[in-house]
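Heads up: the sequence lines are chains S and Y, in that order. Counting in the working numbering, the first sequence runs from 2 upward without gaps. Counting in the working numbering, the second sequence runs from 352 upward without gaps. Every residue, glycine too, gets a C-beta built ideally from N, C-alpha and C. Just so it is clear, the structure is predicted and the values come from calculations on it, not from any experiment. Report on the structure given below.
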Amino acid sequence: MPEMAQGETGTTEGTASGRPYVQLITERPVERFLQRFFLSSLRFDSMLLVSPIIGALRGTRYRLEQVVAKVRAERIRTYVITTPPAEDDRYHREALDILAGCDWVEIRYNSSLHAKLYVCKHQDRGFGLLGSANLTPTSVLRNTEVGVLVSSRGPGQGLVHEMYEWGTVRLRTSPDTKLVKRISAPRR
Amino acid sequence: MEFREHFCLKDRHSFTIDAAINAEDARFYFGRPETKERLQKQLRRSFTQPGVPKIVVFGPYGSGKTQTLYYMEHLLLNGEVTSCRLKPRTVHYNLDIHGNSNAGDWHLQMLEALGKDAVTQWVGSLFEKVADLRGELAVLFDGDSNMVAAANRLREPAGPGMTAWRWLAGQKLSNPELETLGVTRNLGTTGASDFVSVLVGVGRLAQRNDETVIFFVDEAEQLHDAGKADCIESLKDYMRKLAEPANNSVGIVVGAMGHTLDDLAASLMHDSVTSRIGKQNYIELTFMAAVDTVHSFLSEMLGELIDRDAAEKRIHEDKLGVTLDTYPFTDEAFGLFCTYASEDPSKALPRQIIMALNECAIEAWDQGKATVDESIVNDTCPIVFG
């Protein structure tokens, strides 16, 4: 059994070389995803955040402002798909305002969204998390959540790619999904 | 209206081409007629001499290596390589190499990708055909009694059969397991050649069953991840042995990221390997730096992905003012797109072009436009190619 980091538990599925490409994460899966995003040696070119509810992640290890700062600094094309916030949902709106302040973030609403999927990609490499957790401090700090973290090693590469394609193409072009804010790049 | 309907797409939800997800996409090879011809030629020749393909496809990220491997597999599986007389048994997998990986790790991945069931079935079929299975296996495995013993016992039920498979795949067995299996040592004690001997024997076994095994090994740039000198040497030996003329039973087509031959790992570009594989079997995928090349790529691609009847009807009924040749682009937008795509040679690659095409279409979809115009191309392409 390969060595597992804290919070990685349960079943792991390895490649023939013995390294896991898929791991069950039972503790703070979203935080584990963000940890990889911040600590990976890869310079990501794209990120997908699919979460019905999004919070500013205050009081957690990685705040949304920090995520956006990295996205801006490294010019990471970031696709956010979430549900439209209710009139009085200041919590969700605040997070969307933070995301909307970045030129490299696209935001779309899908009112039937229930999926939670997060993917970071650099060319053919990267990782994705599919699970129960929203991108909120509650899911990081309080809720019991579970997620499957897939790395682009061996068979994991195809899985990460499929997760990414589903989110960035299929979900973005679903008739239920509406563009709210596009990525803005210098026009020639 | 769905996205696919909006753009008259045929049998797909987007402009994405990915044979790993949709097997039907393996038939596509756009915009590189010389490369396409060369792939066909080298595949055709390989079955005459040396008997199976030994080919390395390399190019930068996004240049279409994976698609090339799938396309070659498609040619074989669809009888388009007439010199391949036997039924091709293709095995496609992504190589996974880390710091301590050696020939044993590579061999394990090859055998696991091929699968125990296939090899067991070949042994079983041979058993039905010949009077002396052990004698026949001895011919196939060059008289190596351990390999013969392990191959022979594959037919046994799960326990012993699985132990035999583990031995053939190069896993280390305990002394009692070796004894029960009837072999005198673990595989690999004589180095990489030991593993290749098993693989070549398995290839001959397939041939005796009228099949020919061809591995398509993708992501071979991972060979760079091998860290220790003895590991690098071991991996190089494995490839060198597979490349030997003596191996005419197991084909191997490798895809690896690299701008030039020199960027490839030692296992693929060392003189001892290149001289055996032959320079003509190193196929480089280059950038699409010329506008015309992008133009051909995109035209051919749209020609395949768009339902032409539906598009023609749409163009006519909605008076879109575009031609079928460039739909869903306006003529001007099509030209502009090709210019953007070829402006920076390092970005002029199929993957980038397909991504930009999808993004342009999504932008048009967001704006409720039936076509991709210049404004959309100007808004979108700098994000992808900029």
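Outcome for residue i when other beta-carbon atoms lying within 10 angstroms are tallied against a minimum of 16
i	result
Asn373(Y)	exposed
Asn111(S)	buried
Val490(Y)	exposed
Ser693(Y)	buried
Leu40(S)	exposed
Gly157(S)	buried
Arg559(Y)	buried
Arg627(Y)	buried
Glu668(Y)	exposed
Ile368(Y)	buried
Arg665(Y)	buried
Thr674(Y)	exposed
Ser697(Y)	exposed
Glu572(Y)	buried
Ala370(Y)	buried
His458(Y)	buried
Arg436(Y)	exposed
Val481(Y)	exposed
Thr145(S)	exposed
Thr541(Y)	exposed
Ile184(S)	buried
His115(S)	exposed
Met652(Y)	buried
Asp676(Y)	exposed
Expected contact under 8 angstroms - CB spacing of residue i and residue j to nearest Å
i	j	result
Met461(Y)	Phe566(Y)	6 angstroms
Gly539(Y)	Gly455(Y)	5 angstroms
Lys361(Y)	Ile583(Y)	Contact doesn't hold; Cβ gap of about 47 angstroms is too wide.
Lys117(S)	Ser52(S)	5 angstroms
Ser452(Y)	Phe398(Y)	So it is not a contact: roughly 31 angstroms between Cβ atoms.
Arg498(Y)	Val551(Y)	A small correction: the amino acid at residue 498(Y) is Met; Arg does not occupy that position in the sequence shown. In fact, because the Cβ distance is near 10 angstroms, the residues do not count as touching under 8 angstroms.
Phe358(Y)	Pro679(Y)	5 angstroms
Gly148(S)	Leu131(S)	6 angstroms
Asp622(Y)	Lys438(Y)	The Cβ separation is near 35 angstroms, so there is no contact.
Val474(Y)	Ala502(Y)	6 angstroms
Trp516(Y)	Leu505(Y)	6 angstroms
Phe648(Y)	Ile704(Y)	6 angstroms
Arg44(S)	Glu75(S)	6 angstroms
Thr61(S)	Leu142(S)	6 angstroms
Val624(Y)	Ala594(Y)	6 angstroms
Close beta carbons around residue i, own chain, < 6 angstroms, minus the five adjacent residues each side
i	result
Cys306(Y)	Nothing about residue 306(Y) can be read from this structure; chain Y reaches only from 352 to 737.
His449(Y)	Asp576
Gly402(Y)	Asn599
Val564(Y)	Arg440, Gly554, Ala557 and Val601
Ala464(Y)	Val442 and Tyr444
His610(Y)	Pro411
Ala661(Y)	Cys359
Other residues of its chain near residue i: CB distance less than 8 angstroms, five sequence neighbours each side excluded
i	result
Leu420(Y)	Val408, His443, Phe567, Asp569, Val604 and Gly606
Ser365(Y)	Phe354, Arg355, Asn709 and Ala712
Tyr165(S)	Ser47, Leu49, Val120, Lys122, Gly127 and Gly129
Ile55(S)	Leu65, Val81, Thr83, His93, Ala96, Leu97, Leu100, Asn135, Leu136 and Thr137
Ile634(Y)	Thr386, Arg389, Leu390, Gln393, Ile406, Val407, Val408, Phe409 and Thr419
Val69(S)	Ile99, Leu100, Gly102, Cys103 and Val106
Same chain, Cβ closer than 7 angstroms to residue i, five either side skipped, listed in chain order
i	result
Glu4(S)	For Glu4(S), the pLDDT reaches just 40, beneath the cut-off of 50, and the residue's location in the model is therefore unreliable, although a value from the coordinates is still provided. The answer is none, since no qualifying residue turns up.
Thr169(S)	Leu49 and Tyr80
Leu426(Y)	Gln391, Leu394 and Val432
Asp424(Y)	The identity of residue 424(Y) in the sequence shown is Glu, whereas the question assumes Asp. Counting only Cβ-Cβ distances below 7 angstroms, and skipping sequence neighbours, we find Ala377, Thr441, His443 and Phe567.
Gly756(Y)	Residue 756(Y) falls outside the range modelled here, since chain Y spans only 352 to 737, and no answer is possible.
Original post:
Along the region 693 to 716 of chain Y, what residues have a CB closer than 7 angstroms to any CB found in chain S?
Top reply: Asn709, Ile713 and Trp716
Original post:
Do the region 518 to 537 of chain Y and the region 409 to 419 of chain Y touch if we need at least three Cβ pairs shorter than 8 angstroms?
Top reply: no
Subject >> Contact set between the region 357 to 390 of chain Y and chain S, restricted to residues whose Cβ is under 8 angstroms from the partner >> reply: His364, Ser365, Thr367, Asp369, Ala371 and Ile372
**OP:** Determine which residues of the region 140 to 159 of chain S have a Cβ less than 8 angstroms from any Cβ of chain Y, and write them out in chain order.
**Re:** Arg154, Gly155, Pro156, Gln158 and Gly159
**OP:** Using a Cβ-Cβ cut-off of less than 9 angstroms, give me the residues of the region 401 to 421 of chain Y that come near chain S, in sequence order.
**Re:** Tyr412, Gly413 and Thr417
Subject >> Proximal residues, the region 551 to 577 of chain Y versus chain S, C-beta separation under 8 angstroms >> reply: Glu570
Original post:
When you check each C-beta in the region 480 to 495 of chain Y against every C-beta of chain S, which residues fall closer than 8 angstroms?
Top reply: none
Original post:
Does the count of Cβ pairs from the region 719 to 727 of chain Y and the region 673 to 690 of chain Y closer than 8 angstroms reach three?
Top reply: yes
Original post:
Touching or not, the region 545 to 552 of chain Y and the region 378 to 394 of chain Y, by the rule of three or more beta carbon pairs under 8 angstroms?
Top reply: no
Subject >> At least three beta-carbon pairs within less than 8 angstroms, the region 21 to 36 of chain S to the region 99 to 107 of chain S >> reply: no
**OP:** Compile a chain-ordered list of the residues in the region 579 to 604 of chain Y whose CB is closer than 9 angstroms to at least one CB of chain S.
**Re:** none
Subject >> Residues of the region 67 to 86 of chain S with Cβ closer than 8 angstroms to any Cβ of chain Y, in chain order >> reply: Arg78
Original post:
If contact means a Cβ-Cβ distance below 8 angstroms, which residues of the region 447 to 462 of chain Y contact chain S?
Top reply: Asp447, Ile448, His449, Ser452, Asp456, Leu459 and Gln460
Subject >> Interface residues of the region 626 to 643 of chain Y facing chain S [CB-CB below 9 angstroms] >> reply: none
Subject >> Near-chain Y residues of the region 101 to 130 of chain S - C-beta to any C-beta below 8 angstroms >> reply: Gln124 and Asp125
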